[in-house]
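From first to last, the protein sequence lines stand for chains A and B.
By my numbering, the letter at position 75 of the first sequence is numbered 75, and the numbering carries on one by one without gaps.
By my numbering, the letter at position 177 of the second sequence is numbered 513, and the numbering carries on one by one without gaps.
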Amino acid sequence: MTAAVAVPRRRAVGLRMPRSPLAVVVVVTACLLVANLVVTPGFLAPDRLPGTAELFVPLALAAMASVPSILSGGGGLDLSVGPLLGIVNIVAVAILMPAGLVAAEVSIPLCVLLGAAVGAINGAVVAFVRLQPIVVTLGTYLVLDGLALVLMPQPVGTAPPWAAWLSGSWLGGFAPRSLLLLVAGCLLWVLARRLGFVTLVRAVGSDARAAFTSGVRVGLVRFGAYALGGALAGLAGLALTVLINSGDATVGPQYTLAAVAAVALGGNALSGGRGGIAGPLLGALTLFLIQSLLSALAVSSLWIQVVHGSVLLAAVCINSSIGARVGRRAAAIQGG
Amino acid sequence: MVDVSALPTRLRAASRGVGASGAGLVLVVVLVFLAGRSLVPGYSQPSSIRAMAVLAAFLGIAAIGQVLVVLNGHIDLSVPALIGAGNVIAARLAGDGVNPVVIVLVVLATGFAIGLVSGVVIARWNVPSLVVTLAVASVVGGGVLVWTKAQLLGEAPSWLPGFTSSAASTGPLPVPPVVVLWIGLVLVGAYLLRATPAGRKLYLAGVNPRAARLMLVGDRTVTAVVFALSGMFAALTGMLLTGFTGGGLYTVGEAYLFSSIAAVVVGGNSLLGGRGGIVRAALGAIALTELTTLLVGFSLDSSAQQAVLGALIVVVVVTYGREQALRDQI
């Protein structure tokens, strides 16, 4: 991966050229949204909106959950996000429900805490045992995925009452309640930013040694980044429970690669140090819109993978070729 | 050659976490084998060792391509799709009675060409390899699905089962030919990486792509070629696997998505690029195969097996693969 040139000042990049990579993602997403509206005129109609939101929220939260670990650099990558979604879903259905913990105010915080705890374990091994993040989270991936199938070999068709409530909506369909989970995730991120934690993670991610010599406790920051990612994955697991309204061990793991792809599509550097959550959220939206477009066009199930791959390839090339041109021009202006 | 007098220092260095220790890795491969021998009856019988060697060879050949990509600072998620493609193409052509030499050439060329496409896109547009290879995997996997209509078709080339069977031997050597092929590829690859300018360029571009470009080392060409090679090795693995599947099975590669990466990282190669080598990936493939076989011996069900394997990978890598502490890097 060629190190992208940092763009501290963006001035006079050209009139017709988008000013930041994020602008390109916005344009690509907007085009896809229009395409969806053309194919399905009722795409954003109130009767379909809750279902659409339900499908989108787990992917969006999973993408957000992948952000802090990638941002913290050092090869940071959390492969365990997908299975963590799955295990939260299964714990909510197969452990908390039989134990009588069905009240939203008890089981929702417990699920988020479970996510944070798994994230914290990843973070502790990455930060203090100093193993490569991909080894650690691959290990967690296998453990969680295996554990999920042990706890629930067959899908179970019941879900806690809060899942049914969250799949409803207010204002006659215009305000799906599943978006509450996404809002909660964003609030968590805003809180982390307000506390200065995100800045520390970026500092560690862009140059761990420089951060260390400036007195940043690099290990602790990385640990926190994985724990934060875990908490967001916990929320994503709740959203998954709302979506499938049951317990299923096989759904969660599929989110891992989609989440990382969303982060990359959103223009965050996979080498760490650059980016926030706006890009990944748009990236998740792009992936989601591609999928809904393909299913609306009734593409044959055999062809859907081919088309999905091609569109993803085109989207990522458009995003980064224009983004790179912006970067190069800015670098040229600075004389770099 | 390992300098024996330096060994204690190296082991101490490894326990302090100064990079990944090669001696520690070899030690782990031996220790896991000894553990399997004492815990699982029949683990060290010649037939079981041969079976493990064949499995390690399949994983190891796919991991050669993956490690080249990783040394260059990228990752290849299209390995499983290309294994599936190689498998289906070989079976299809063999079913049509095509000449074996042609089959091998077509499979290798297809893998090389598809990998080259990923590599060129990644290098030319500076796109994250993870997304590009994921997308290419989706296109190739879907293409194979469309082509085969999701059915098992064709047959294994007649010479292949003998080539990959664990009971086969290579001339006077009591080792299946596929294992000999793997060892040969690893040795040749390791020599090329160490001793040729092309190999050094690969490391250089992995350590610091910007510096490599400023030194006029064409990192774009290097990247395109390593992805092409990765595609070629994946397709080769797929073809060899027809001996096991008995026909073209497009899902045969699925297990190799994470295991090819696991072999590379368990071998102590850094995913940040520029650190490690082909021999390490081979040792990683051996360690991983030993662990999996060990767990199969405990007759756990497959999901419990997977959970234990995940924990074991982390525990094993702790013994030799710790990174240096930041305070020691300054």
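Ideal placement from N, C-alpha and C gives every residue a C-beta, glycine not left out.
- For B/T625, the enclosing alpha helix (DSSP H) begins and ends at I614 to G633.
- Put simply, the CB of A/S66 is far from chain B, with every gap to its CB atoms at 7 Å or more.
- Residues of the segment 50-75 of chain A whose Cβ lies closer than 8 Å to any Cβ of chain B, in chain order: G74 and G75.
- Between B/V424 and B/V480, the C-beta gap is smaller than 7 Å, which places the two residues in contact.
- Chain order gives the chain A residues near B/L481 as L302 and Q305, where near means a beta carbon separation below 7 Å.
- Residues of the segment 265-289 of chain A with a Cβ closer than 9 Å to any Cβ of chain B, in chain order: L265, A269, L270 and S271.
- The C-beta of B/I622 comes no closer than 7 Å to any C-beta of chain A.
- In this model, B/L538 and B/L521 are separated by some 17 Å (Cα to Cα).
- Judged by beta-carbon spacing, A/P46 lies within the 7 Å limit of A/G172, meaning their Cβ atoms are closer than that value.
- Rounded to whole angstroms, B/I614 and B/G542 show a C-alpha spacing of 14 Å.
- For B/V475, a Cβ of chain A is located within less than 7 Å of the residue's own Cβ.
- With respect to chain A, the C-beta atom of B/S639 has a partner C-beta closer than 7 Å.
- The secondary-structure analysis by DSSP pairs B/G477 with nothing; it has no beta-bridge partner.
- Scanning chain B for C-beta atoms nearer than 9 Å to the C-beta of A/F212 yields L662, R663, Q665 and I666, reported in chain order.
- Nearest CB-CB separation between B/P416 and chain A: not below the 7 Å threshold.
- Along the length of the segment 264-305 of chain A, whole alpha helix (DSSP H) runs at least 4 residues long occupy 278-296, reported in chain order.
- Judged by their CB atoms, A/N36 and A/S292 are nearer to each other than the 7 Å cut-off.
- Under DSSP, A/W170 forms a beta bridge with A/A175.
- Our two residues, A/A236 and A/R48, have alpha carbons roughly 21 Å apart in a direct line.
- Using a CB distance below 9 Å, the part of the segment 124-148 of chain A facing chain B consists of V125, V129, R130, L131, Q132, P133, I134, V135, V136, L138, G139, T140, Y141, L142, V143, L144, D145, G146, L147 and A148, ordered along the chain.
- DSSP, read as helix, strand or coil, puts A/V156 in strand.
- Within the segment 567-595 of chain B, the residues whose Cβ lies closer than 7 Å to any Cβ of chain A are, in chain order, F594.
- Spanning the alpha carbons of B/I666 and A/V112 requires a straight line of approximately 38 Å.
- About 17 Å separates the Cβ atoms of A/I108 and A/L191, ruling out a contact at the 8 Å cut-off.
- Burial state of B/S502 is buried, judged by a 10 Å Cβ sphere holding 16 or more other Cβ atoms.
- Listed by position along chain B, the residues whose Cβ is nearer than 9 Å to that of A/V150 are D637, S639, A640 and A643.
- Look at B/T506 here: in three-state DSSP terms it is strand.
- Interface annotation, B/R658: in contact with chain A, CB-CB separation under 7 Å.
- In this structure, A/L84 sits near A/L144, with a CB-CB distance shorter than 7 Å.
- Bounds of the alpha helix (DSSP H) holding A/N89 are V81 to I90.
- Flagged as an interface residue toward chain B: A/S310, by a C-beta distance shorter than 7 Å.
- A/L77 and A/V25 have their C-alpha atoms spaced approximately 22 Å apart.
- When the beta-carbon positions are compared, B/A617 and B/G603 come within less than 7 Å of each other.
- Between B/P533 and chain A, the shortest Cβ-Cβ separation is not below 7 Å.
- In the three-state DSSP reduction, A/L131 falls in the coil class, being neither helix nor strand.
- Runs of the alpha helix (DSSP H) lying entirely within the segment 349-425 of chain B, each at least 4 residues long, are 358-375 and 382-407 in chain order.
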